[in-house]
Amino acid sequence: MVDQPTTFSISDLAREFNITPRTIRFYEDQGLLAPQREGRTRIFTRRDRTRLKLALRGKRLGFSLAEIAYLIGMYDTARDQNTQLTEFLAGLTQRKVALQQQREDIEALLQEVSAFEEQCRELLLTRAADEAAGVGRTA
DNA sequence: GTTCTTACA
DNA sequence: TGTAAGTA
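First residue of the first sequence: 0, per numbering that gives the first Met the number 0; consecutive thereafter.
Below, the structure written as structure tokens:
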């Protein structure tokens with residue numbers, strides 16, 4: 000078994016997760032990460048790496064960085080895992096509610112578009128019929 | 001060469 | 001988030 004690295008540089012993590020160092024610094028700025036410092040340079044631990052992984056997963060699920068920061072904030076608040084899972088569950092539930100609402104809005108819009116589409120078609124047919132009957136020919 | 005901060009797009 | 005500038 001080869002020893003797994005204990006710490007990582009910002010570029011190590013950037014490579015591993017296919018993101019840029021800029022993104023990692025930005026996440027730190029947003030409170031998602033809090034790496035140690037050796038002078039000015041950032042030293043990332045396994046815990047930081049895990050948090051980054053969770054942050055990226057949260058992003059994929061559509062959570063805002065603020066929400067991710069909150070959920071991850073308690074990740075190492077040393078509270079019982081039960082509380083943490085309950086929080087994540089609550090967050091996921093809210094996400095689902097938001098997504099379902101969006102779907103309803105989209106469906107409503109699609110119906111409106113379809114209705115308007117139909118009106119246009121009818122108008123087109125009506126005008127074609129009128130022209131055939133010689134109506135509306137003013138000039 | 002790598003990382004950092006700051007500032008602007 | 002990308003990029004540029006000027007450092008350590």
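From the three backbone atoms N, C-alpha and C, an ideal C-beta is built for every residue, glycine too. None of the values given here were measured: they were computed from a predicted structure.
*What span of residues does the beta strand (DSSP E) with Thr40 cover, start to end?*
Counting from 1 along the first sequence, the entry for residue 40 is found at position 41. Residues Thr40 to Thr44.
_Just to confirm my understanding: we take Ile67, look at its own chain, exclude 5 residues before and 5 after, and list those with CB closer than 8 Å. What are they?_
Residue numbering aside, residue 67 sits at position 68 when the first sequence is read from its first letter. Excluding residues within five positions, the ones whose Cβ falls inside 8 Å are Leu31, Leu53, Ala54, Gly57 and Lys58.
*Tell me where the alpha helix (DSSP H) around Gln100 begins and ends.*
For this step, residue 100 is matched to residue 101 along the first sequence. Note, Gln100: alpha helix (DSSP H), Gln80 to Ala131.
*How is Phe25 classed by DSSP in three states: helix, strand or coil?*
Looking up residue 25 in the first sequence gives position 26. Of the three classes helix, strand and coil, the one that applies to Phe25 here is helix, per DSSP.
*Exposed or buried, which one is Pro4 when buried takes at least 16 other CB atoms within 10 Å?*
Here residue 4 refers to the residue found at position 5 of the first sequence. Exposed, because fewer than 16 other Cβ atoms sit within 10 Å of the Cβ of Pro4.
_At the level of alpha carbons, what is the spacing between Phe25 and Ala65?_
Counting from one through the first sequence, the residue named residue 25 turns up at place 26. Counting from one through the first sequence, the residue named residue 65 turns up at place 66. Approximately 12 Å, taken between the alpha carbons.
*Got a sec, what are the start and stop residues for the alpha helix (DSSP H) Ile67 sits in?*
Position 68 of the first sequence, counted from the start, is the residue given in the question as residue 67. Unbroken alpha helix (DSSP H) run through Ile67: Leu64 to Gly72.
*Between Asp11 and Ile18, what straight-line distance do the alpha-carbon atoms span, to the nearest angstrom?*
Position 12 of the first sequence, counted from the first residue, corresponds to residue 11. Position 19 of the first sequence, counted from the first residue, corresponds to residue 18. Taking the straight line from one Cα to the other gives about 10 Å.
*asked:* Along the chain, where does the beta strand (DSSP E) containing Gln35 start, and where does it finish?
replied: Mapped onto the first sequence, residue 35 falls at position 36. Gln35 to Glu37 is the span of the beta strand (DSSP E), which, as asked, contains Gln35.
*Whether Arg94 touches Leu70 by CB criterion (8 Å)*: Your numbering for residue 94 matches position 95 in the first sequence. Your numbering for residue 70 matches position 71 in the first sequence. Going by C-beta atoms, Arg94 is not nearer than 8 Å to Leu70.
_With the cut-off set at 8 Å, would you say Pro34 and Arg45 are in Cβ contact?_
Position 35 of the first sequence holds residue 34. Position 46 of the first sequence holds residue 45. The answer is no: Cβ separation not under 8 Å.
*Could you work out which residue in Asp2, Leu84 and Leu51 is closest to Thr22 when comparing CA atoms only?*
Within the first sequence, numbered from 1, the residue matching residue 22 stands at position 23. For Thr22, the nearest C-alpha among the options comes from Leu51.
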